[in-house]
Each structure stands twice: as C-alpha cells, then as structure tokens.
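Here the structure comes first, spelled out in structure tokens, and everything after it is commentary.
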Amino acid sequence: MKFTVLTFGCQMNVHDSDWLIRAMESRGWTAVEESEADIFIINTCSVRDKPEQKVYSVLGRLAPLCKNPGSFVAVGGCVAQQIGDGFLEKFPHVRLVFGSDGIAQAPDALVDLAANHEKRLVLTDFLGDYPEREGGEVQPNADLIPPGIGTIPGQAFVNIMQGCDNFCAYCIVPYTRGRQKSRSSEAVIKECAHLVKSGVREITLLGQNVNSFGIDKKGEDISFAQLLYKISAIEGLERIRFTTSHPKDIAPEVIKAFGELPNLCPSLHLPVQSGSDRILKKMGRKYDRERYLGIVEGLKEACPNISLTTDLIVGFPGETDEDFEQTMDMLERVRYESSFSFKYSDRPGVAAVKMKPKVPEDVAQARLARLQERQKRITRKSLEALEGHETVVLLERLSKRQEEGGMTWRGKDPGGRVVNVHFAGYGEEQKLGGKLVKVKITEAKNHSLVGAKVGEPW
Ligand code: SAH
Ligand code: SF4
Ligand code: F3S
Numbered sequence: 263m264k265f266t267v268l269t270f271g272c273q274m275n276v277h278d279s280d281w282l283i284r285a286m287e288s289r290g291w292t293a294v295e296e297s298e299a300d301i302f303i304i305n306t307c308s309v310r311d312k313p314e315q316k317v318y319s320v321l322g323r324l325a326p327l328c329k330n331p332g333s334f335v336a337v338g339g340c341v342a343q344q345i346g347d348g349f350l351e352k353f354p355h356v357r358l359v360f361g362s363d364g365i366a367q368a369p370d371a372l373v374d375l376a377a378n379h380e381k382r383l384v385l386t387d388f389l390g391d392y393p394e395r396e397g398g399e400v401q402p403n404a405d406l407i408p409p410g411i412g413t414i415p416g417q418a419f420v421n422i423m424q425g426c427d428n429f430c431a432y433c434i435v436p437y438t439r440g441r442q443k444s445r446s447s448e449a450v451i452k453e454c455a456h457l458v459k460s461g462v463r464e465i466t467l468l469g470q471n472v473n474s475f476g477i478d479k480k481g482e483d484i485s486f487a488q489l490l491y492k493i494s495a496i497e498g499l500e501r502i503r504f505t506t507s508h509p510k511d512i513a514p515e516v517i518k519a520f521g522e523l524p525n526l527c528p529s530l531h532l533p534v535q536s537g538s539d540r541i542l543k544k545m546g547r548k549y550d551r552e553r554y555l556g557i558v559e560g561l562k563e564a565c566p567n568i569s570l571t572t573d574l575i576v577g578f579p580g581e582t583d584e585d586f587e588q589t590m591d592m593l594e595r596v597r598y599e600s601s602f603s604f605k606y607s608d609r610p611g612v613a614a615v616k617m618k619p620k621v622p623e624d625v626a627q628a629r630l631a632r633l634q635e636r637q638k639r640i641t642r643k644s645l646e647a648l649e650g651h652e653t654v655v656l657l658e659r660l661s662k663r664q665e666e667g668g669m670t671w672r673g674k675d676p677g678g679r680v681v682n683v684h685f686a687g688y689g690e691e692q693k694l695g696g697k698l699v700k701v702k703i704t705e706a707k708n709h710s711l712v713g714a715k716v717g718e719p720w
C-alpha cells in the first residue's frame with residue numbers, strides 16, 4: 263500500500279510519525295508523497311485552536327482523494343484523542359481514529375482496514391502503563407525495525423514517558439495525552455545503547471515533563487538525574503539533550519549534571535510561560551519569578567555557556583499591561599537565546615476557559631508583536647557574541663542556500679544553534695549528515711550562524 267503521514271505538533275508527534283512510518287514499511291507499505299498516496303495518516307495537535315482547525319481543513323482537502331474503496335484517512339494524535347469517534351460521524355472518509363496510547367496498535371489496524379473496506383475503528387483507550395511499542399528493545403520482534411532512528415542522520419529521539427499530570431490552567435495536553443506514565447529505565451537505557459551501537463551520536467530524551475520521570479512509579483525506578491548519568495555513560499554517545507522540562511520539577515542534581523556530564527549538551531528549554539507571579543499563580547505553574555530566576559542562576563553557575571530557550575504565553579485571561587511588562591522583564595533578565603511565544607487560546611475543558619476577563623485579540627496581538635521584536639534583538643545579540651569562537655557542529659542536511667564551488671551543510675552546535683558550514687570542493691555525493699566537524703563561527707544571522715570548517719569532518 264502507498265501511504266503518507268502528515269504531521270502537526272510537537273517533537274513527540276514527529277517522533278510518533280517516524281515510528282509509524284517505519285512500522286508500516288516493515289509491513290511492506292511504501293511511504294510516498296501526498297499526491298501518490300492511497301492511505302492518508304494525519305498526526306494531529308490540539309494545543310491551540312489553530313492546529314486543531316488545520317485538521318478539519320486537511321480532512322476537507324483529502325475527501326475527494328478518497329473516492330476509491332481502498333483509500334481512506336486515519337486520524338491520530340491529540341485531536342483524535344480529544345474528538346474520538348466524532349471523526350467517524352462527521353467524515354465518511356475517516357476509517358481509523360487512534361489516540362496517544364492507541365498508536366501502538368495503529369499499524370496492525372491499518373493493515374486490517376486496508377483489507378476490509380467496510381470496517382472502521384477507534385483506538386482511544388488510555389492504558390495503565392507506558393505502552394511499549396514494537397521496535398522498542400523489550401519487544402520480542404526488536405530486530406524488525408531499528409528503534410527511534412528518526413529522519414536526521416546520526417540523531418535519534420527516545421521517549422522516556424507519556425502524558426502529563428500538571429493540568430496547567432491553559433493546557434489540553436493532560437486530557438489528550440493522559441496521565442503521566444514513565445517508561446522503565448531499563449527499556450530506555452537498552453534502546454539508547456542499541457541506538458548508539460547502530461551509529462547514533464546524539465540522543466534527545468522526550469516527554470511532556472521529563473524532570474518528573476519515575477515519579478509516577480512508587481519508587482521502584484530511578485530519578486531523571488540518575489537516568490541522565492546512566493545514559494551519559496553509554497560509550498560512544500556524543501550528545502544528550504532532553505525536552506521538555508517543567509521548572510517546578512528540575513532537581514538540583516539535574517542542574518549539577520550540566521556541569522558534570524561531558525556529553526550533556528549545554529542547552530535547556532525551560533518554559534516560563536509568564537513573568538508575572540499573579541499570572542503564574544492563575545496558570546497553576548507552581549513556581550514564581552524568584553524561584554525560576556534562582557534555577558537560571560544555578561544553571562548558569564553549573565554551565566556558564568548554557569543556551570536557554572523558553573515558551574511564553576501572552577494574553578492569558580486577566581493579564582494586565584503590568585503583568586505583561588513583567589514577562590518582558592524576564593526576557594531581559596534571562597536573555598533567552600530564542601523563544602516560542604503564543605497568544606493564549608481557549609481549549610475545550612481546561613480551567614482557563616472560565617477565567618475572566620479575556621484579553622482582547624488586538625491587545626494580545628500587540629503584546630505578542632512587542633515580545634517577538636524584543637526576542638529577535640536578544641537572539642541576534644547572543645548569536646553575534648559567538649563570532650570568532652570555535653565549536654563542533656553535528657551536520658544534518660544540505661542547507662537551503664547553496665553557493666558555487668562546494669556544498670553548504672546545516673547542522674547544530676552543542677547549544678542547539680543552527681550553523682551553516684561550507685565545504686569547498688565537495689559534491690552532492692559526499693554525504694556529511696551525521697558527521698561532526700569543528701568550525702570557527704564567522705558570522706551571525708538573525709536565527710543562525712555561519713561557520714568555517716577547521717579540519718575534516720569525522
Ligand atoms: N509540556 C510542555 C509544553 C507543552 S505545550 C511544558 O510543560 O512546557 C507547548 C507550549 O504551548 C506550552 O509551553 C505553552 O507555551 C503553549 N500552550 C499550551 N496551551 C496553550 C494555550 N491554550 N494557548 C496558547 N499557548 C498554549
Ligand atoms: Fe501542559 Fe503544563 Fe503539562 Fe506542560 S506541564 S504539558 S504546559 S499541563
Ligand atoms: Fe500538540 Fe499533543 Fe504535542 S497537543 S503539542 S501534539 S502533546
């Protein structure tokens with residue numbers, strides 16, 4: 263069968279889609295472009311209204327492409343979990359709905375539905391434990407698919423947990439991904455070791471709230487800091503990252519790890535959401551400015567060159583100009599290298615829906631624009647400060663912009679910054695994805711760096 267996967271949302275969805283593609287290919291299916299596909303899988307995101315609306319517009323676009331009986335759409339991910347069989351009622355061309363835990367059964371279900379044209383299926387039950395998937399080391403058919411090898415050469419993502427128990431007032435994730443369920447440390451470490459053996463150099467540990475790893479499991483497992491030390495010790499693993507971290511759960515041992523573990527990358531995404539204590543309280547984030555800034559100070563002490571990034575919400579219900587100024591002030595104090603910022607968006611069933619007063623759209627928009635402008639300048643300055651420095655880049659793929667007389671590759675430095683590196687005299691046949699190269703930073707752009715290679719890639 264020819265299929266395609268359209269992915270929206272966070273890194274976890276991207277990783278889920280990668281896994282699904284490999285699982286289907288191992289069943290003899292072929293991943294193709296949308297225009298050639300018979301079966302369409304949409305992996306959806308529900309975190310704001312916009313990505314949810316996108317799902318309905320994609321479904322409209324796909325309807326005429328599902329005319330022959332073997333063609334259908336499968337909707338997975340967070341909107342699927344949220345709406346469930348509502349998709350079957352509204353869209354005749356949707357024949358499979360699978361949620362956060364249901365994805366483990368999706369490959370077999372897809373094969374079944376491709377053979378039985380009358381069948382329709384909904385897989386949205388939550389399970390009690392972390393659902394191990396085929397391709398994970400603990401499964402008997404572990405050799406079938408290389409676990410966790412994503413689309414970036416030399417890099418892999420490894421899920422360490424699923425779900426979230428925090429119920430921040432604005433957030434739908436605890437409803438769509440369910441309760442927090444940590445994977446066993448044994449399964450995680452085995453998968454990481456297997457990946458490194460098969461050539462992976464950088465591993466990113468994934469979860470909605472990785473710092474509370476193991477806390478759902480009555481003390482029978484290890485802490486996130488202990489997990490980090492164990493993974494760090496895997497011979498041959500050059501880089502470790504993890505995301506996402508909730509500031510309230512980051513342990514002193516994790517902060518210390520940034521100063522101690524040579525392969526833990528000096529970069530951390532630490533979503534602050536707001537700089538106002540009043541708003542943080544309404545959001546239910548369980549930290550205040552002072553505590554957050556204390557963590558930042560600790561991180562910078564342990565690892566002076568750490569690159570910090572964040573998520574910010576403007577226009578949360580009740581946010582005043584004064585609250586917003588506190589968020590702007592946070593930008594100045596922490597000097598994030600970059601940030602993702604969003605206008606608050608009402609989500610069905612979350613606590614903030616009932617909170618008043620709502621901030622008018624134009625006010626929220628003006629605040630967002632101001633914040634993004636400020637961030638742009640801070641990003642630029644922090645990138646400029648790196649000019650002349652030497653660093654190591656893990657190459658990913660050819661850059662969009664090419665110049666004569668060689669090939670330009672894009673990759674990331676340990677801080678997670680994008681660096682473009684030109685290789686004079688190289689041709690397309692030289693595949694550098696997954697290779698490391700030492701570079702000297704020659705120029706800072708708005709969102710990326712340019713580096714000149716110092717020595718050969720390895
Ligand atoms: N688990 C992660 C983030 C998950 S959602 C964490 O706790 O940090 C990613 C980001 O989307 C959040 O950090 C938040 O900034 C944003 N977000 C979540 N719900 C939102 C909403 N209702 N409106 C606007 N932004 C939202
Ligand atoms: Fe959402 Fe908060 Fe959980 Fe992050 S910690 S996923 S923002 S509820
Ligand atoms: Fe979106 Fe679900 Fe991720 S709502 S951000 S895809 S956890």
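Residues in the sequence shown are numbered consecutively from 263, following my numbering.
The C-beta atom is built at its ideal place from N, Cα and C for all residues, glycine as well.
Residue i Cβ short of 6 Å to the ligand SAH heavy atom set
{"i": "Asp311", "result": "no"}
{"i": "Thr506", "result": "yes"}
{"i": "Pro579", "result": "no"}
{"i": "Asp239", "result": "Since the first residue of the chain shown is 263 and the last is 720, residue 239 is not available in this structure."}
{"i": "Pro676", "result": "no"}
{"i": "Ile640", "result": "no"}
{"i": "Arg722", "result": "Because the chain is modelled from 263 through 720, residue 722 falls outside the range shown and cannot be assessed."}
{"i": "Phe604", "result": "yes"}
{"i": "Arg553", "result": "no"}
{"i": "Pro533", "result": "yes"}
{"i": "Arg547", "result": "no"}
{"i": "Ser529", "result": "no"}
{"i": "Arg609", "result": "yes"}
{"i": "Asp478", "result": "no"}
Under 7 Å between C-beta atoms of residue i and residue j
{"i": "Arg501", "j": "Cys527", "result": "yes"}
{"i": "Val420", "j": "Ile465", "result": "yes"}
{"i": "Gly469", "j": "Lys443", "result": "no"}
{"i": "Ile422", "j": "Arg395", "result": "no"}
{"i": "Ser474", "j": "Asp511", "result": "yes"}
{"i": "Ile434", "j": "Ser308", "result": "yes"}
{"i": "Leu324", "j": "Val337", "result": "no"}
{"i": "Ile301", "j": "Met263", "result": "yes"}
{"i": "Ala564", "j": "Lys518", "result": "yes"}
{"i": "Leu523", "j": "Ser485", "result": "no"}
{"i": "Phe504", "j": "Leu467", "result": "yes"}
{"i": "Glu515", "j": "Ala487", "result": "yes"}
{"i": "Leu499", "j": "Val458", "result": "yes"}
{"i": "Val683", "j": "Lys707", "result": "no"}
Host alpha helix (DSSP H) of residue i (start-end)
{"i": "Arg595", "result": "Asp583 to Val596"}
{"i": "Thr641", "result": "Glu623 to Glu646"}
{"i": "Asn275", "result": "Gln273 to Glu287"}
{"i": "Cys434", "result": "The residue you asked about is not Cys; residue 434 is Ile in the sequence shown. Premise fails: Ile434 is in no alpha helix (DSSP H) and is neither H nor E."}
{"i": "Ile451", "result": "Ser447 to Lys459"}
Residue i beta carbon near the ligand SF4 (any heavy atom closer than 6 Å)
{"i": "Gln470", "result": "yes"}
{"i": "Pro436", "result": "yes"}
{"i": "Asn275", "result": "no"}
{"i": "Cys454", "result": "no"}
{"i": "Asn428", "result": "yes"}
Host beta strand (DSSP E) of residue i (start-end)
{"i": "Asn421", "result": "Gln417 to Asn421"}
{"i": "Glu691", "result": "Counting along the chain, Glu691 falls outside any beta strand (DSSP E), and DSSP gives it neither H nor E."}
{"i": "Asp311", "result": "Here Asp311 belongs to no beta strand (DSSP E); instead the alpha helix (DSSP H) covers Asp311 to Leu324."}
{"i": "Glu658", "result": "Glu652 to Leu660"}
{"i": "Ile477", "result": "Per DSSP, Ile477 belongs to no beta strand (DSSP E) and is neither H nor E."}
{"i": "Met669", "result": "Gly668 to Lys674"}
{"i": "Lys702", "result": "Leu698 to Ala706"}
{"i": "Asp429", "result": "Before going on, a small fix: residue 429 reads as Phe here, not Asp. Taken as a continuous stretch (DSSP letters only), Phe429 belongs to no beta strand (DSSP E), as it is neither H nor E."}
Any non-hydrogen atom of the ligand F3S closer than 6 Å to residue i Cβ
{"i": "Ser308", "result": "yes"}
{"i": "Cys272", "result": "yes"}
{"i": "Cys340", "result": "yes"}
{"i": "Arg439", "result": "yes"}
Contact test: residue i Cβ vs the ligand ATP heavy atom, cutoff 6 Å
{"i": "Cys433", "result": "Questions concerning the ligand ATP fall outside what the structure shown contains, since the ligands it does hold are the ligand SAH, the ligand SF4 and the ligand F3S."}
Check your understanding: Three or more beta-carbon pairs under 8 Å between the stretch 597-606 and the stretch 651-667, yes or no?
Key -> no
Review point. Does the stretch 427-442 touch the stretch 335-348, meaning 3 or more C-beta pairs lie closer than 8 Å?
Key: yes
Practice item. Kindly provide the ranges of any alpha helix (DSSP H) runs that are 4 or more residues long and lie completely inside the stretch 530-554, ordered along the chain. Key: 539-545
Practice item. Please list the segments of the beta strand (DSSP E) lying wholly inside the stretch 339-388, counting only runs of 3 or more residues, in order along the chain. Key: 356-360 and 383-385
Review point. Three or more beta-carbon pairs under 8 Å between the stretch 655-671 and the stretch 632-645, yes or no?
Key: no
Review point. Counting Cβ pairs, one atom from each stretch, are 3 or more of them under 8 Å apart for the stretch 277-293 and the stretch 317-329?
Key: no
Point to revise | Cβ contact (3+ pairs, closer than 8 Å) linking the stretch 690-697 and the stretch 708-716 | key: no
Exercise for review: Pick out the complete alpha helix (DSSP H) segments inside the stretch 490-517, 4 residues or longer, and give them in chain order.
Suggested key: none
Check your understanding: Should the stretch 364-379 be regarded as contacting the stretch 347-356, the criterion being three or more beta carbon pairs within less than 8 Å?
Key -> no
Review point. Per the contact definition of three or more C-beta pairs closer than 8 Å, is the stretch 565-573 in contact with the stretch 583-600?
Key: yes
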